[in-house]
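Residue numbers (our numbering), protein chains in the order written: chain L, -18 to 299; chain Y, -18 to 299. Note that CB positions come from ideal geometry on N, CA and C, so glycine has one too. As the structure is a prediction and not an experimental result, all values here were calculated from the model.
2 protein chains.
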Amino acid sequence: MVSLDDIREAHDRIRPHIRYTPVFTSRAIDELLGAKVTFKFESLQRGGSFKIRGALNAVLSLTDAAAELGVATHSSGNHGAALAIAAAIRGIPAYIVVPSNAPRVKRAAIEGYGGIVTECAPNVPAREAALDEVVRQTGAHFVPPYDDARIVAGQGTATVELLEQVPDIEQLWVPVGGGGLASGAAIAVRGIDPDVDVIAAEPSRADDAFRSLANGRIEPMRNPATIADGLRTPLGQINFDILSSHRVTVELASESAILAATRLILERMKLVVEPSGAVPLAALMETPPSRRAPRIGVIVSGGNVDLESLLYALKNAG
Amino acid sequence: MVSLDDIREAHDRIRPHIRYTPVFTSRAIDELLGAKVTFKFESLQRGGSFKIRGALNAVLSLTDAAAELGVATHSSGNHGAALAIAAAIRGIPAYIVVPSNAPRVKRAAIEGYGGIVTECAPNVPAREAALDEVVRQTGAHFVPPYDDARIVAGQGTATVELLEQVPDIEQLWVPVGGGGLASGAAIAVRGIDPDVDVIAAEPSRADDAFRSLANGRIEPMRNPATIADGLRTPLGQINFDILSSHRVTVELASESAILAATRLILERMKLVVEPSGAVPLAALMETPPSRRAPRIGVIVSGGNVDLESLLYALKNAG
């Protein structure tokens, strides 16, 4: 599947091009939760999210022959921007299929990094047809957003860094959408410090990982009406397999908690976070204190947010 | 007046209680300005601004007898919060006179840190009367927000850190309001690396430092109708004397540039900044390229902003 060695190799491969993102703490949040919580801000990563880690690992792993005609993917956001950056670093084209309802700021980011955007209708058949057509026309190599061993290994590097920065945590909380970050975290933690609990945080309104792990099979995503747009994607197969076999539990977060957590990070920590990135804090706020360890690490996945939409949502949340 | 040794002593005094704040760069902003710009984020400082440095230096400098009955000040925002934190660290009360029109979030912060708030009408006579009354009733020691040698020495520590973090800059850009941060920066730079230019950035609509340095005497602040609320204060006497005698120049920023710079930092660097903290970047954007050095340091003074007000301003700025 994917091993800690794969993650360490990925780290060596991508290290010259990524940021070793900083960790911060907040007295206010520690008091609120009765725990010492250290946040690693992948919002400060190149491209504004952890996604560059996996995309770059995939792109730099390709042989010259495989890379020559470029890479392609479908993405409503961060993975597309990350793949565009990774392709630019390798000097090859990136073709990104983007649904017509993607946030303005995310599409602009993809194009700003040199990605070639193809728009499609916002549904799975249209997306797959558009991607197939792009790959057929260009010969580009498909780099999936999360259901891929190279991606999982790359995303695991964020957890390796966090465990270097804060070696004494008892729990690691990460968001789960497709499961790339969470499955990479699970492998890194089990390899480095098996006693640390890995908790994947998910919006209640996009709870397919919760249901999938409870039922022992991939459950479909149903109408993921959450503000955490990065977590509306269904759990991937390889990601499910890893989460299932690595003692990962899932905790859920309500929409109001996601907004409150986003606001807490903005107002108290002074860092811009997209709602998806605030989901672990939201889940922590809604989890009974008995399920929170004294020392907790959190990965804040990204900060790519349309400011107007975010502030509108925060305002309406009171 | 104030020497580099005073700043170094202040640093030793306050270091256990403050954050050594991080610096970040942005490729997008470097490309925009054609320069390598390193930002030091005092928004990530305790209390959300650099003000804790001066306030803590003043509070920790007091004899036990002078400190016993507490400290008092007037402040519409960051200095009040900083003094409340500093007093809490020393275990003494802090009495803060706050104008009735102060931003909600700043008053809440002062109270959150344990400061005892007295409200006054939003004008100088009312503020002075309220402060005199508080001092008379409590016996508290007055700690001014900027026109004070202990405050200047404390604020200078931010520049000492920046010069450690980025020793090769040719210019340092800092905001100027009352002048505590800018005068501390001038002394630190002249003592450590005299070749670095110090540029104080000021809103065009609150340009008393610009006029004061041009005319060689303190000019009154006239109707400071700027969104950069932290820079509406008039330049202090000691601060004027230091800026005048340490080769500091002033560059101005329009309101639209201040909003654009605030948005750039939020969207591209993913850090929450109050408009006052974005004024140096705004001035850089409006300065002819010939006046920008290849390597620039910027101190982002704070991140205490009412999110809804900021949204409203950014929206109306288009």
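As assigned by DSSP and simplified to three states, the class of residue i
i	result
Y:His227	coil
L:Glu255	coil
L:Ser76	Reading off the sequence shown, one finds Tyr at residue 76 of chain L, where the question assumed Ser. It is a strand residue.
Y:Glu200	coil
L:Glu142	helix
Y:Phe31	coil
Y:Val98	strand
Y:Arg213	coil
L:Gln26	coil
Y:Leu43	coil
L:Ser(-16)	coil
Y:Ser81	coil
L:Pro103	coil
Y:Gly15	coil
L:Gly172	helix
Y:Glu109	helix
L:Val177	coil
L:Thr243	helix
L:Glu151	coil
Y:Arg273	coil
Y:Ile208	coil
L:Asp188	coil
L:Ala9	helix
Y:Gly137	helix
Y:Ile(-1)	coil
Y:Ala59	For the record, residue 59 of chain Y in the displayed sequence is Asn; it is not Ala. Helix, per DSSP.
L:Ala298	coil
Y:Asp129	coil
Y:Asn285	coil
Chain-ordered chain Y contacts of residue i [CB-CB under 7 Å]
i	result
L:Val253	Leu247, Lys251, Leu252, Val253
L:Ser24	Lys251
L:Gly29	Lys251
Closest Cα partner of residue i within the set the options
i	options	result
Y:Ala121	Y:Leu64, Y:Tyr127, Y:Ala169, Y:Leu144	Y:Leu64
Y:Asp210	Y:Asp178, Y:Gly161, Y:Val260	Y:Val260
Y:Pro3	Y:Ala16, Y:Glu142, Y:Leu288, Y:Glu(-10)	Y:Glu142
L:Pro103	L:Arg213, L:Ile239, L:Arg198, L:Gly197	L:Arg213
Y:Asn38	Y:Thr44, Y:Ala(-9), Y:Tyr1	Y:Ala(-9)
Y:Ala187	Y:Ala107, Y:Arg0, Y:Pro215	Y:Pro215
L:Glu308	L:Thr54, L:Glu289, L:Ala263	Outside the modelled stretch of chain L, which goes from -18 to 299, sits residue 308 of chain L, for which no answer is possible.
L:Glu236	L:Arg244, L:Val105, L:Thr119	L:Arg244
L:Tyr1	L:Val(-17), L:Asp149, L:Phe22, L:Pro126	L:Phe22
L:Asn82	L:Leu288, L:Arg108, L:Ile66	L:Arg108
L:Asp45	L:Lys32, L:Ser57, L:Arg71	L:Arg71
Y:Ala67	Y:Val86, Y:Phe31, Y:Cys101	Y:Phe31
L:Ser366	L:Ala234, L:Lys251, L:Pro269	As displayed, chain L neither begins before -18 nor continues past 299, which places residue 366 of chain L out of reach and without an answer.
L:Leu50	L:His60, L:Leu25, L:Tyr76, L:Gly35	L:Tyr76
L:Ser42	L:Asp(-7), L:Ile10, L:Ala195, L:Ala206	L:Asp(-7)
L:Arg131	L:Gly283, L:Ser271, L:Asp(-14)	L:Asp(-14)
L:His55	L:Ser7, L:Thr119, L:Ala110, L:Thr6	L:Ala110
L:Val133	L:Leu292, L:Asn297, L:Met(-18), L:Ile208	L:Met(-18)
L:Val231	L:Met202, L:Arg249, L:Ser185	L:Ser185
L:Thr6	Y:Gln26, Y:Phe20, Y:Ala48	Y:Gln26
One or two residues paired with residue i in a DSSP bridge
i	result
Y:Ala182	Y:Pro156, Y:Glu232
L:Lys21	L:Val4, L:Ile280
L:Ser290	L:Ser290 is not bridged to any residue.
Y:Glu92	Answer by DSSP bridge pairing: none, since Y:Glu92 is not bridged.
L:Glu(-10)	Partner(s): none; L:Glu(-10) has no beta bridge.
Y:Phe123	Y:Ala53
Chain-ordered chain L contacts of residue i [CB-CB under 7 Å]
i	result
Y:Leu295	Leu288
Residues of the stretch 3 to 16 of chain Y in Cβ contact with chain L at a cutoff of 9 Å, in chain order, please. Answer in chain order: Pro3, Phe5, Arg8, Ala9.
Please list the residues of the stretch 280 to 291 of chain L that have a C-beta atom closer than 7 Å to any C-beta atom in chain Y, keeping them in chain order. Answer set for the stretch 280 to 291 of chain L: Gly284, Leu288, Glu289.
Could you please tell me which residues of the stretch 132 to 149 of chain L, in chain order, have their CB closer than 8 Å to any CB of chain Y? Contacts with chain Y (Cβ-Cβ distance below 8 Å) from the stretch 132 to 149 of chain L involve no residue at all.
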